[in-house]
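Novice:
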Amino acid sequence: MTLLTYGAPAPERYVSFDVPRDLAAVVESFPSWGETTQLVINLVLLSWLACSVPLLWPRWGVRDTALICLAVAVLIEAAQWLIRTGRVATLTDVLINSLGGALVAVVTVYWVRPRLENWVRRPSDVVAAGTAAGA
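Residue 119 in the working numbering sits at position 116 of the sequence shown, and the numbers go up by one each step.
In structure tokens:
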């Protein structure tokens, strides 16, 4: 997703595969509100997916979840190019969306999921311990 300034002419269709140039533009104007907002939105765009996939399908790890996020990011950018929305489809957005999804997947698989599994197991352990103590 590329945010255009108010009143700026939007290209009819545009795809940017120049990742270094796109990243340099982000770094050069980083303190600006628009670039910061765009970067944060792209990082958290697929966080819901990266968090829910490992929790719904416990056999799927970080790699599988990151690949799903990559596929969804490609679909989003392809849709932006196919549907004439005035947005610029960029490879940089795909990479940043995927990076954000992968980071959330790492946190979910290695921190959230183990704690959730322990929390779900805990009531049965407490009941078993209470039964053994009362017997």
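Note that beta-carbon positions come from the ideal geometry of N, C-alpha and C, so glycine has one too. None of the values given here were measured: they were computed from a predicted structure.
Quick one, are the C-beta atoms of V112 and V56 less than 7 angstroms apart?
Specialist: Against a cut-off of 7 angstroms, the Cβ pair of V56 and V112 comes out as no contact.
Novice: Spatial neighbours of L70 within its chain, please: CB distance less than 7 angstroms, with the 5 preceding and 5 following residues excluded, ordered by chain position.
Specialist: Taken in chain order, the list of residues that qualify is empty.
Novice: By Cβ distance, which residues of its chain are closer than 8 angstroms to L119, with the 5 residues on each side in sequence left out?
Specialist: Cβ within range, chain order: L58.
Novice: In whole angstroms, what is the alpha-carbon distance linking L26 and V123?
Specialist: Cα to Cα, the separation comes out at about 43 angstroms.
Novice: What did DSSP end up calling T39 once you bin it into helix, strand or coil?
Specialist: Of the three classes helix, strand and coil, the one that applies to T39 here is helix, per DSSP.
Novice: Grouping DSSP H, G and I as helix and E and B as strand, with all else coil, what is V91?
Specialist: Looking at V91 - three-state DSSP - the assignment turns out to be coil, as it is neither helix nor strand.
Novice: In terms of residue numbering, what span does the alpha helix (DSSP H) encompassing L48 cover?
Specialist: Run containing L48: none; DSSP gives neither H nor E here.
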